[in-house]
Amino acid sequence: MVGKVTGSLRLRMTILFGLVVLIGCLVLALVSEFKSTAALEGEAKEAMLKVARQAAETVDSQVRARVYVLEVLANNSIIRGVSAGREAALEEKLSVLREAQKAAEGLGFKEFTVVDREGNGNISNGGKVYVADREYFKTALSGKLCITSTLISKADNSVVFSYNLPIRHHATGEITGVLTGIVDGAKFSELIGAVTYGRTGHALAVDGAGKIIAHKDAERVRAQENIVEQAASNKDLASLAAVVAKMAKGEEGVEGYVLQGQNMLIAYAPVKTTGWSVAVTAPVNEVLERAAGLKWAMLAVSLAIIVLALVLTYVMAKTVAEPLSQAVNYLGQLAEGNFTSRVQEKHLKRNDEIGRLAQAVDRMWTSLREMFLTIREDAQNLAANSEELAASAEEVSATVEEVASTTGEVASMAEKSLENASRTAEESRNVVAVAESGGATVGKTIEKINSIAASAARMGESVQNLGELSARIGNITDVITGIADQTNLLALNAAIEAARAGEQGRGFAVVAEEVRKLAEQSADAAKEIGQLIGQIQSGVEAAVKAMEYGSAEVKDGVELASQAGAALRDIIGAVNKNIGLMEEIIQGARQASEGMQQLSASNEQVTSTIQQVAGATQQLAEIASRLQASVNRFKI
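Anchor point for the sequence shown: position 11 equals 11 in UniProt numbering, and the numbering is continuous, going up by one each time.
Take a look at the structure:
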């Protein structure tokens, strides 16, 4: 999986940077192509316009040179009609024209003609011509220079131009005729045809009406093509005709047009002297051939840059991806719990983002290792403490169970003490009844002294019964005293256990203290009862002795009876007091029983809490065991 991630990252980085470089190169190439094309197109337009201007200036200079020759010839005195102070003859004029023709052949002049005002012309080669109906004749006759467009010569059917100047009389200055110079049109086409641009670019010239007057294709000149007129029937010439119309107006510029589906450029400039216009035209693709070459060169450079960028990107991606791959593998080992190896030192020494990443991973390794070591130690301590806590919980639980058992015994003894105290109170009430009955008997003894013997016998029985009852009461007081002592001891133990139980045993300690106090009171009361019983027993013994001597001391019967009545009254008071003490003992026993019940309930709560603590301790021990097992998975 790591290999796939690394390969994917390397591939993605290569593709990403490759795309960035590709897009950058494409944008740069497009912008460069656009700029270079625009620059080359502007340069080409400027160059073509310059060529057109130079061609127009060349044509204009030739025209002016021809006009100059014609002016010189028109100002010749013989041509103006005077020769050696006399009127010049026609033959003299023709001789001058022939000489001038020879001299001006280099300028394209084929012949000169002298025409009178009626339009009759004599040609330098001896021929004659009539031109009275020609516009150029009429214009020149009016005193203006007239240079015609292309004409078809009637003599040899060639294309010619006609240059015409008025001839003025040598003396009066009046116009006496017209001097005409015929210029070979082929020479003009040769001049224009020699002007080229690129491989197929060429020049042409049109007159003020848009007619072609010079072209590398002489037939088009002979046919006297007019592009503006042809465009009316041929829509393909519309864009070119619009340019030619501007040329005919004497404008200058560079424009594009479409001819037979091909984009063309045309630069044109006027010939100032004649109103003609010279144009240079060429296909756009030829004009921008340099741009195309530059485009291919830029494409080759862009491809080289892209390849180089891809190689460098791959190397850089490998440089970045390999440390990342190692980091991923290392993090995978950490994820599996293997902390035995560290980040390579060479990555830690790097000063770039990879180095900072390696340093961060190394710090993470250190922190995690220290953390797991701490967790391992804490888990071991937790497991040991959990075991100790579980053992302590078991000991506390056993102690609580013992306390509960002891509390149950104390409660049982308290119930028995309550029962015995109740019985003692009941017996004491019986004693009171017996004592009251004895008092009545004493009264009857005083009143019926005669029946003393019988009464003495019955009293002896009563005294014996009283002795038995006193003995039983003594036994009961001994039991009460033992119960009080045991209750006091149990209360002390309960107070000790309550102190060990802490906050939860505070209420139980208070109850135990109250039980202890009641036990002490019960012990004191039992002692008093014992003393009273002792007194009663002493009285009983005295009564028995008295009965033994009753027969001998009948005389003292009344006194003894009185003493017995007083003793019985004392017995009744003591027994009543004993009954009150027994009721207090009963009330204390009830409180002790209730305290034991509360203590038992508290013991049950403590037992439940201890059980919960034991369960939680067991869970804590299991968690500590699992935590220790989890930490042991890590190799540190």
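Don't be surprised by glycine CBs; every beta carbon is placed ideally from N, CA and C. Keep in mind it's a predicted model, so treat the numbers as computed, not measured.
Look up Val131 in the DSSP assignment and say whether it is helix, strand or coil. Start at 1 with the first residue of the sequence shown, and residue 131 comes out as number 131. Three-state DSSP puts Val131 in coil, outside helix and strand.
For Trp365: DSSP bridge partner residues: Position 365 of the sequence shown, counting from 1, holds the residue named residue 365. According to DSSP, which records beta bridges pairwise, Trp365 is partnered with nothing at all.
Own chain, CB closer than 6 Å to residue 637, minus 5 neighbours either side, in chain order: With the chain covering 1 to 636 only, the question about residue 637 has no answer from this structure.
My guess is that Ala279 and Ala74 are in contact by the Cβ rule of under 8 Å, so how many angstroms apart are they, rounded? Reading the sequence shown from its first residue, position 279 is the one you call residue 279. Reading the sequence shown from its first residue, position 74 is the one you call residue 74. Contact flag wrong, Cβ pair sits at about 32 Å.
Every unbroken beta strand (DSSP E) inside the segment 125 to 188 [3 residues or more]: 128 to 130, 159 to 168, 175 to 184
So which of Leu492, Gly507, Glu514, Glu436 has the shortest CA-CA distance to Ala566? Sequence index remark: in the sequence shown, residue 566 carries index 566 (1-based). When only C-alpha atoms are compared, the closest one is Glu436.
If you measure between the beta carbons of Thr148 and Tyr163, is that distance less than 9 Å? For this step, residue 148 is matched to residue 148 along the sequence shown. For this step, residue 163 is matched to residue 163 along the sequence shown. With contacts defined by Cβ atoms closer than 9 Å, Thr148 and Tyr163 form a contacting pair.
Do Val115 and Leu179 have their CB atoms nearer than 9 Å? Locating residue 115 in the sequence shown gives position 115, where the first residue counts as 1. Locating residue 179 in the sequence shown gives position 179, where the first residue counts as 1. In this structure, Leu179 lies closer than 9 Å to Val115 by Cβ.
N-terminal and C-terminal residue of the beta strand (DSSP E) that Gln262 is part of: Here residue 262 refers to the residue found at position 262 when the sequence shown is read from its first residue. It spans 262 to 271 - the beta strand (DSSP E) in which Gln262 sits, taken as one unbroken run.
Is the beta carbon of Leu259 closer than 9 Å to that of Leu237? Counting from one through the sequence shown, the residue named residue 237 turns up at place 237. Counting from one through the sequence shown, the residue named residue 259 turns up at place 259. In this structure, the beta-carbon distance from Leu237 to Leu259 falls below 9 Å.
Output the boundary residues of the beta strand (DSSP E) element that contains Val254. The residue labelled residue 254 in the question sits at position 254 within the sequence shown. Counting along the chain, the unbroken beta strand (DSSP E) around Val254 starts and ends at 253 to 259.
Does Gly24 come out as helix, strand or coil in the three-state DSSP assignment? For the purposes of this step, residue 24 is taken as residue 24 along the sequence shown, with counting starting at 1. Of the three classes helix, strand and coil, the one that applies to Gly24 here is helix, per DSSP.
Give me the Cα-Cα distance between Val195 and Ile182, rounded to the nearest whole angstrom. Sequence index remark: in the sequence shown, residue 195 carries index 195 (1-based). Sequence index remark: in the sequence shown, residue 182 carries index 182 (1-based). C-alpha separation (whole angstroms): 24 Å.
Alpha carbon to alpha carbon, how far is residue 653 from Glu370? Residue 653 is absent from the structure shown; the chain starts at 1 and stops at 636.
Three-state class that DSSP yields for Glu118 in the structure shown: Numbered from 1 along the sequence shown, position 118 holds the residue referred to as residue 118. Three-state DSSP puts Glu118 in coil, outside helix and strand.
On the DSSP bridge assignment, give the partners of Tyr197 in chain order. As a first step, residue 197 is located in the sequence shown; it is residue number 197 there, counting from the start. Partner(s): Gly201.
Boundaries (first-last residue) of the alpha helix (DSSP H) holding Val96: Numbered from 1 along the sequence shown, position 96 holds the residue referred to as residue 96. Looking at the DSSP string, the run of the alpha helix (DSSP H) that includes Val96 is 90 to 103.
For residue 674, collect the residues of the same chain with a Cβ closer than 7 Å to its Cβ; drop the 5 residues on either side in sequence, then sort them by chain order. Since the displayed the chain opens at 1 and closes at 636, residue 674 lies outside it and no answer follows.
Thinking just about the alpha-carbon of each residue, which of Val284, Gly355, Trp365, Val228 is nearest to the one in Val338? Locating residue 338 in the sequence shown gives position 338, counting from the first residue. Checking the sequence, you will find Asn at residue 338 rather than Val. Closest by alpha carbon: Trp365.
Three-state class that DSSP yields for Arg80 in the structure shown: What you label residue 80 is simply residue 80 of the sequence shown in a count that begins at 1. Reduced to three states, the DSSP call for Arg80 is coil.
Which same chain residues, not among the five before or five after Leu331, have their C-beta less than 6 Å away from its C-beta? For the purposes of this step, residue 331 is taken as the residue at position 331 of the sequence shown. None.
Ile608 - DSSP class collapsed to helix/strand/coil: In the sequence shown, counting from the first residue as 1, residue 608 sits at position 608. The identity of residue 608 in the sequence shown is Ser, whereas the question assumes Ile. Reduced to three states, the DSSP call for Ser608 is helix.
Going by DSSP in three states, Lys249 sits in which element: helix, strand or coil? Mapped onto the sequence shown, residue 249 falls at position 249. For Lys249, the three-state secondary structure derived from DSSP is coil.
Assigned exposure category for Leu30 - 16 Cβ within 10 Å defines buried: Working through the sequence shown from its first residue, we reach residue 30 at position 30. By the neighbour-count rule (16 or more Cβ atoms within 10 Å), Leu30 is not buried but exposed.
Within the chosen definition, does the segment 53 to 61 reach the segment 344 to 352 through at least 3 CB pairs nearer than 8 Å? The segment 53 to 61, when compared against the segment 344 to 352, does not touch it at the 8 Å Cβ threshold.
Quick one: Cα of Val343 to Cα of Ser367, how far? If you number the sequence shown from 1, residue 343 lands on position 343. If you number the sequence shown from 1, residue 367 lands on position 367. Spanning the two alpha carbons is a distance of roughly 14 Å.
Extent of the continuous alpha helix (DSSP H) to which Ala218 belongs: Taking the first residue of the sequence shown as position 1, residue 218 is located at position 218. Taken as a continuous stretch (DSSP letters only), the alpha helix (DSSP H) holding Ala218 covers 218 to 222.
Extent of the continuous beta strand (DSSP E) to which Val278 belongs: The sequence position of residue 278 within the sequence shown is 278, counting from 1. Segment 276 to 283, the beta strand (DSSP E) holding Val278.
Roughly how many angstroms lie between the CA atoms of Gly3 and Thr319, to the nearest whole one? Residue numbering aside, residue 3 sits at position 3 when the sequence shown is read from its first letter. Residue numbering aside, residue 319 sits at position 319 when the sequence shown is read from its first letter. Note on Gly3: pLDDT 48, under 50, position unreliable in the model; no value is reported.
Through-space distance from Asp485 to Ala542, alpha-carbon basis: Here residue 542 refers to the residue found at position 542 of the sequence shown. Here residue 485 refers to the residue found at position 485 of the sequence shown. Taking the straight line joining both Cα atoms gives about 33 Å.
Assign Val206 to one of three DSSP states: helix, strand, or coil. The residue labelled residue 206 in the question sits at position 206 within the sequence shown. If DSSP states are grouped into helix, strand and coil, Val206 belongs with the strands.
Helix or strand or just coil, what does DSSP make of Lys349? Locating residue 349 in the sequence shown gives position 349, counting from the first residue. Coil, per DSSP.
With DSSP run on the structure shown, which of helix, strand or coil describes Arg342? The residue labelled residue 342 in the question sits at position 342 within the sequence shown. Residue state for Arg342 is assigned as coil, using DSSP reduced to three classes.
Where does the unbroken beta strand (DSSP E) through Ala214 begin, and where does it stop? Along the sequence shown, read from residue 1 onward, the residue named residue 214 stands at position 214. Run containing Ala214: 212 to 215, per the beta strand (DSSP E) assignment.
In the structure shown, what three-state DSSP assignment does Asn75 receive? Here residue 75 is taken as the residue at index 75 of the sequence shown, counted from 1. In this structure, Asn75 counts as coil in the three-state DSSP scheme.
Suppose you measure from the CA of Met1 to the CA of Val21; what does that come to, to the nearest Å? Here the question's residue 1 lines up with position 1 in the sequence shown. Here the question's residue 21 lines up with position 21 in the sequence shown. Note that Met1 has pLDDT 48, beneath the 50 cutoff, so the model's placement of it is unreliable and no number is given.
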